[in-house]
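> Under the UniProt record's numbering, the first residue of the sequence shown carries the number 1, and numbering increases by one thereafter. I have a structure I would like to understand better, so I am pasting it below and will then ask my questions one at a time.
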Amino acid sequence: MSKILSLEIENFQSHKKTKIEFDDGMTVILGPTDQGKSSIIRALKWVLYNEPRGSDFISVGENFCRVKLTLEDNTQIIREKGVNRNRYILIKNGEEMVFEGFGNTIPQEIYKAHGIPKIKIDKDAISFANLSEQLEGPFLLSENPATRARILGKLAGIHVLDAALKITNKELNDYNFKEKIVLQKLEELNNRLNEYKDLYEVKYKLDIAKNLIEFLKVKLSSLKNLMSIKEKFQYISEEEYNINLLLKSLQTVEGAEELTKTAAKKTLSFKQLFNLYQKLIELELQKLSIQKVLNDTKNVLIAERIFIETNDKIQKYKKLKDFSLKLNKLEKERLLILSIMEKTKDVNKSEEFYTKAEENLKKYKDLLDIKNKIVNLSKNIKQLEQKANNFKDIFKIEEYLKQLDNKKTLLEKLKTLKEELIANQNNINETLRYSEKIEDYLTKESHKYVFLMKKLSKCPICFSILDEKQVEKIAAEILSKGGND
Numbered sequence: 001m002s003k004i005l006s007l008e009i010e011n012f013q014s015h016k017k018t019k020i021e022f023d024d025g026m027t028v029i030l031g032p033t034d035q036g037k038s039s040i041i042r043a044l045k046w047v048l049y050n051e052p053r054g055s056d057f058i059s060v061g062e063n064f065c066r067v068k069l070t071l072e073d074n075t076q077i078i079r080e081k082g083v084n085r086n087r088y089i090l091i092k093n094g095e096e097m098v099f100e101g102f103g104n105t106i107p108q109e110i111y112k113a114h115g116i117p118k119i120k121i122d123k124d125a126i127s128f129a130n131l132s133e134q135l136e137g138p139f140l141l142s143e144n145p146a147t148r149a150r151i152l153g154k155l156a157g158i159h160v161l162d163a164a165l166k167i168t169n170k171e172l173n174d175y176n177f178k179e180k181i182v183l184q185k186l187e188e189l190n191n192r193l194n195e196y197k198d199l200y201e202v203k204y205k206l207d208i209a210k211n212l213i214e215f216l217k218v219k220l221s222s223l224k225n226l227m228s229i230k231e232k233f234q235y236i237s238e239e240e241y242n243i244n245l246l247l248k249s250l251q252t253v254e255g256a257e258e259l260t261k262t263a264a265k266k267t268l269s270f271k272q273l274f275n276l277y278q279k280l281i282e283l284e285l286q287k288l289s290i291q292k293v294l295n296d297t298k299n300v301l302i303a304e305r306i307f308i309e310t311n312d313k314i315q316k317y318k319k320l321k322d323f324s325l326k327l328n329k330l331e332k333e334r335l336l337i338l339s340i341m342e343k344t345k346d347v348n349k350s351e352e353f354y355t356k357a358e359e360n361l362k363k364y365k366d367l368l369d370i371k372n373k374i375v376n377l378s379k380n381i382k383q384l385e386q387k388a389n390n391f392k393d394i395f396k397i398e399e400y401l402k403q404l405d406n407k408k409t410l411l412e413k414l415k416t417l418k419e420e421l422i423a424n425q426n427n428i429n430e431t432l433r434y435s436e437k438i439e440d441y442l443t444k445e446s447h448k449y450v451f452l453m454k455k456l457s458k459c460p461i462c463f464s465i466l467d468e469k470q471v472e473k474i475a476a477e478i479l480s481k482g483g484n485d
């Protein structure tokens, strides 16, 4: 802050042209009332702080005013305002700077030049610490304790701590509010997660269902293979029927050539039977797979599926058993063909026919092996059937599960009814409490009414005079109704 050497005022209120030079010590301005002493303070505020606003302070009859402030370092601050001008002029170190268009603010260069700023106590309070108006009390002593504390805190720099404390409290409140919202959302999410608490159980059931689907796919493939075997078996049956017809027609040696063709067809049938043998091997592997599934899983649904599949296997076994009987029948027919071949050994091409018969004999032995495997398969199926009987209570368990689901649904309905009952009971209790309040209020008002009626001894309706007995009778009826209604 620089020391003020002089102040020049021109056309400012009552001052046409005034120059004041301040002494090193104290400068006292004396004079009669309303002679411009307060205008000096206003002119000083105008050049320092651009206050007051407007142009009402320009002397009457003039269109221009000017205030010049000279500081101890010969810096000059000039404030001018007129019809066509409104500016600050700063002359410092011989250089002149002009400021215009600053509005209601003050150029920062002017502030830095005089170094006499206003003190901002808080956002709503500003103090002129270096100036005081006429009749204004001593600085700080005339202020209330709160304002004095804020000013001293501002001067000492404590306002920074106060501001930090306010910001901290505000942020703390914001964080508490956000924490409350987060906790509410967390609770909502927990409640929503409760709806998925059985998700692992559902996933477990889904995995079981996927395994069952894969199991059914395998069984469907097996079924297709068996259907193919069935078709081939029907074809062999038809061939058997045709061979029987052919045998009936072969009564002479002339039928040997036709018999040779029939033997070739039988050879083809044997090849088909060999394919059937391979299919039977696949069935054996499937049987072992079924046994492994039965041993590895005890799940009710899988056991039920295996039980059904086992019944299907038993039916298929019965069909294969019939097929074995037909194979025996074909063996007898083969022996008959060999007998015919023996009778026709001298016929041309008999040697070739015999060779084919030998091949058929070899294939017959293979068919016997197939028969033995069928017998073993029958034993295994019986064992599988015995194991499947262990799951005879599956349907009871399924029924229990259905009953359990029904009871669970009933329990949910009972919970809902219980909640509605509690809500209704609360409403009834609230209504009863409200009714009791109304009843108490009516009783009190009835007593007041009876008291006034006794005091006046008049009918409140017709205003007729009542004696003491009539008053007592009416009072008794009113109190009776007030206590019961």
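Every residue gets a Cβ at the ideal spot worked out from N, C-alpha and C, and that includes glycine. Keep in mind it's a predicted model, so treat the numbers as computed, not measured.
Using only the alpha-carbon positions, how far apart do residue 433 and residue 409 sit?
Roughly 36 Å between the two C-alpha positions.
> Assess contact between the region 76 to 83 and the region 33 to 50, defined as three or more Cβ pairs (one per stretch) separated by less than 8 Å. Is contact present?
Because the criterion of three Cβ pairs below 8 Å is met, the region 76 to 83 and the region 33 to 50 touch.
> DSSP state of residue 71, grouped into three classes?
Strand, per DSSP.
> For residue 84, which of helix, strand or coil comes out of DSSP?
Coil at residue 84, not helix or strand.
> For residue 422, which residues in the same chain have their Cβ closer than 8 Å to its Cβ, ignoring the five residues on either side in sequence?
Closer than 8 Å at Cβ, skipping near neighbours: no residue.
> Measure the Cβ-Cβ separation of residue 22 and residue 41 and say whether it is below 7 Å.
No, Cβ-Cβ distance for residue 22 and residue 41 is not below 7 Å.
> Here's the rule: buried if 16 or more other CB atoms are within 10 angstroms of the residue's CB, otherwise exposed. What is residue 236?
By the neighbour-count rule (16 or more Cβ atoms within 10 Å), residue 236 is buried.
> With distance defined between alpha-carbon atoms, name the residue in 457, 88, 51, 15 nearest to residue 35.
Ranking the options by Cα distance to residue 35, first place goes to 15.
> Check whether the Cβ atoms of residue 17 and residue 10 lie closer than 7 Å to each other.
The answer is yes: Cβ separation under 7 Å.
> Do residue 57 and residue 99 have their CB atoms nearer than 7 Å?
In this structure, residue 99 does not lie closer than 7 Å to residue 57 by Cβ.
> Considering Cα atoms alone, identify which of 212, 178, 453, 230 is closest to residue 475.
Among 212, 178, 453, 230, the Cα nearest to that of residue 475 is on 453.
> In whole angstroms, give me the CA-to-CA distance for residue 147 and residue 448.
Using only the alpha carbons, I get a separation of about 56 Å.
> How far does the alpha helix (DSSP H) with residue 47 in it reach, from first residue to last?
It spans 37 to 49 - the alpha helix (DSSP H) in which residue 47 sits, taken as one unbroken run.
> With DSSP as the reference, label residue 4 as helix, strand or coil.
In this structure, residue 4 counts as strand in the three-state DSSP scheme.
> Excluding the 5 residues preceding and the 5 following residue 39 in the sequence, name in chain order all residues of the same chain whose CB lies nearer than 7 Å to its CB.
Contacts found: 12, 13, 14, 15.
> For a test of the three-state rule: what should DSSP assign to residue 227, helix, strand or coil?
Residue 227: helix per DSSP, three-state reduction.
> Answer yes or no: do residue 2 and residue 72 have a C-beta to C-beta separation smaller than 7 Å?
Taking 7 Å as the Cβ cut-off, residue 2 and residue 72 qualify as a contacting pair.
> Given this structure, state the Cα-to-Cα distance separating residue 457 from residue 470, to the nearest angstrom.
Residue 457 and residue 470: Cα-Cα distance of roughly 9 Å.
> Looking only at its own chain, which residues have a Cβ that is under 8 Å from the Cβ of residue 522, when we skip the five neighbours before and after it?
Because the chain here runs from 1 to 485, residue 522 falls outside it and cannot be looked at.
> Is it buried or exposed for residue 150, if we count other Cβ within 10 angstroms and need 16 for buried?
Per the 10 Å Cβ criterion, buried.
> If residue 68 and residue 8 are in contact, beta carbons under 8 Å, what's the gap, nearest whole angstrom?
4 Å between Cβ atoms; contact.
> Is it right to say residue 90 is buried, meaning 16 or more other beta carbons lie within 10 angstroms of its own, or is it exposed?
Counting Cβ neighbours within 10 Å, residue 90 comes out buried, since at least 16 surround it.
> Taking residue 96 as part of the beta strand (DSSP E), name the residues at either end of that continuous run.
Residues 95 to 100.
> Rounded to the nearest angstrom, what separates residue 143 and residue 445 at their Cα positions?
Each residue's Cα considered, the two are about 56 Å apart.
> For residue 185 and residue 210, what's the separation of their Cα atoms in angstroms?
The alpha-carbon atoms of residue 185 and residue 210 are separated by roughly 36 Å.
> Tell me the rounded alpha-carbon separation between residue 63 and residue 85.
Distance between the alpha carbons of residue 63 and residue 85 is about 10 Å.
> With a 10 Å radius around its C-beta and 16 neighbouring C-beta atoms as the bar for buried, classify residue 200 as buried or exposed.
It counts as exposed.
> Under the rule that 16 or more other beta-carbon atoms within 10 Å means buried, what is residue 70, buried or exposed?
By the 10 Å Cβ count, residue 70 comes out buried.
> With residue 109 as the anchor, note down where its alpha helix (DSSP H) starts and where it stops.
Counting along the chain, the alpha helix (DSSP H) containing residue 109 begins and ends at 108 to 114.
> Name the one or two DSSP bridge partners that residue 92 has.
In the DSSP output, where bridge partners are listed per residue, residue 92 has 95.
> Does residue 29 come out as helix, strand or coil in the three-state DSSP assignment?
Coil.
> Report all residues from its chain with a CB closer than 8 Å to the CB of residue 348; omit the five preceding and five following residues, and keep chain order.
Caution applies to residue 348, whose pLDDT of 45 falls short of 50 and renders its modelled position unreliable; the model cannot decide the point.
> Which same chain residues, not among the five before or five after residue 104, have their C-beta less than 8 Å away from its C-beta?
Same-chain partners within the cutoff: 50, 53.
> Among the residues of its own chain, which have a CB less than 6 Å from the CB of residue 188, if the five just before and after it don't count?
Closer than 6 Å at Cβ, skipping near neighbours: no residue.
> Got a sec? Which residues, its chain only, sit under 7 Å from residue 106 by beta carbon, not counting five neighbours each side?
Cβ neighbours of residue 106 beyond the five flanking positions: 49, 50.
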